[in-house]
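In my numbering, the protein residues as written are 753 to 993. Taking it in order: structure first as C-alpha cells, then the write-up.
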C-alpha cells in the first residue's frame, strides 16, 4: 500500500477526516530470506540511522570527512553495495523503505566488512528535509524510480520541481544529481522538469542524456533489459549555485 502521513482536517460538520500526503513510493510486502533477516538483526544497530530532527553531523557518524553520496531507493542494494566497496575513500548513505532490500544491503555490508555506508529505512523526502544539512552532499543518486506510467499518477513521481529545488539545496556547489531510468518517456519527463529548474547545468553534451557513467554499476535487471533491446537513460545535472 502507499505510505502516507496523516494530518487531521476539521470539516464543516466538526468531524475530523484524514488528509493523506501523497508519497512517491509504495510499501511492498515481501518474504524475508534468512540472509536478509540476519542483515536486519545484526546490521540495524550498526548501520541504520534514526530519522533526526536536526541536520546530522556525518563527519562524526563516519569518523572522517570524505566525499559523500546519497542514493534514494536502492532496491535490493546491489549497486550501492558495489559502489561503496569500489570507493572506500568515499562515504555513502542509502534510503529505502522496502525491508527485504534493507536487509539484503545490510547483510552485504556485514559480509564485506564495509564501514563507509549508512542506511535510512524511511521516507527519503523526510531524510532530506530533516537530516541532511544544506550544501553538504557531493552527489545524489536516483536510479530507476517508479515512473508511475498512468497520467493520473504522474503527481506521485518523485521528480518534480519541488524535488529538484530540495536536492539543489542539499548539494554542494558543483555537486551532481544523477538519475537513471529504463523508461524513455520518464527520461523525457525528467528532462522537462530539470531543464527549467533553476541553478542546474545539464552535463550532457547534447543537452539530453549522458552515456552510462562508469561509476554506476550495471544491475542484473539492466543486463536482462539490454539483451531484450531495452534502453537505459542517464541524466546528470550539476549544481551551479
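Glycine included, C-beta positions come from ideal geometry on N, C-alpha and C. Bear in mind the structure is a predicted one, so any value in this text is a computation, not a measurement.
Completely contained alpha helix (DSSP H) runs for the segment 896-983, where each covers 4 or more residues: The alpha helix (DSSP H) runs of length 4 or more contained entirely in the segment 896-983 are, from start to end of the chain, 913-922, 936-947, 972-979.
Within 8 Å, strictly: CB atoms of residue 892 and residue 822: Numbered from 1 along the chain shown, position 140 holds the residue referred to as residue 892. Numbered from 1 along the chain shown, position 70 holds the residue referred to as residue 822. Yes. Within cutoff.
Rounded C-alpha distance that separates residue 774 from residue 885: Residue mapping note: residue 774 aligns to position 22 of the chain shown, counting from 1. Residue mapping note: residue 885 aligns to position 133 of the chain shown, counting from 1. With a pLDDT of 47 at residue 774, under the threshold of 50, the predicted position of this residue should be treated as unreliable, and no value is reported.
For residue 801 and residue 858, believed in contact at Cβ under 8 Å, the rounded distance: Start at 1 with the first residue of the chain shown, and residue 858 comes out as number 106. Start at 1 with the first residue of the chain shown, and residue 801 comes out as number 49. Their Cβ separation, rounded to whole angstroms, is 12 Å, which puts residue 858 and residue 801 out of contact at 8 Å.
Which listed residue (815, 856, 957) has its alpha carbon closest to that of residue 829: By 1-based counting over the chain shown, the position of residue 829 is 77. Taking the Cα of residue 829 as reference, the smallest distance to any Cα among 815, 856, 957 is reached at 856.
Nonlocal neighbours in the same chain, by C-beta distance under 7 Å from residue 896, ignoring five residues either side: As a working mapping, residue 896 is identified with position 144 in the chain shown. So the qualifying residues of the chain are 932, 933, 934.
Residue from 920, 965, 924 whose Cα sits closest to the Cα of residue 950: Along the chain shown, read from residue 1 onward, the residue named residue 950 stands at position 198. It is 920 whose Cα lies nearest to the Cα of residue 950.
Expected contact under 8 Å - CB spacing of residue 824 and residue 808 to nearest Å: Position 72 of the chain shown, counting from 1, holds the residue named residue 824. Position 56 of the chain shown, counting from 1, holds the residue named residue 808. Contact flag wrong, Cβ pair sits at about 16 Å.
Contact set for residue 766: own chain, Cβ-Cβ below 8 Å, skip 5 residues either direction: Translated into positions along the chain shown, residue 766 becomes position 14. Note that residue 766 scores 43 on pLDDT, short of 50, meaning its location in the model is unreliable; the coordinates nonetheless yield the value given after this. For residue 766, where only same-chain residues beyond five positions count, there are no Cβ hits under 8 Å.
Residue of 834, 845, 850, 844 minimising C-alpha distance to residue 784: Stepping through the chain shown from its first residue, residue 784 is reached at position 32. Measuring from the Cα of residue 784, the nearest candidate turns out to be 850.
Beta-carbon proximity of residue 961 to residue 980, cut-off 8 Å: Your numbering for residue 961 matches position 209 in the chain shown. Your numbering for residue 980 matches position 228 in the chain shown. It is not a contact, given that the beta carbons lie outside the stated cut-off.
Host alpha helix (DSSP H) of residue 877 (start-end): For the purposes of this step, residue 877 is taken as the residue at position 125 of the chain shown. Segment 876-882, the alpha helix (DSSP H) holding residue 877.
Local conformation of residue 774 per DSSP, three classes: Position 22 of the chain shown, counted from the start, is the residue given in the question as residue 774. The predicted model places residue 774 with a pLDDT of 47, which falls under 50 and marks its position as unreliable, so this point remains unresolved.
Which listed residue (812, 844, 788) has its alpha carbon closest to that of residue 871: Counting from 1 along the chain shown, the entry for residue 871 is found at position 119. Closest option to residue 871, Cα to Cα, is 844.
At least three beta-carbon pairs within less than 8 Å, the segment 937-955 to the segment 906-924: yes
Cα-Cα separation between residue 938 and residue 959, rounded to whole angstroms: Along the chain shown, read from residue 1 onward, the residue named residue 938 stands at position 186. Along the chain shown, read from residue 1 onward, the residue named residue 959 stands at position 207. Distance between the alpha carbons of residue 938 and residue 959 is about 16 Å.
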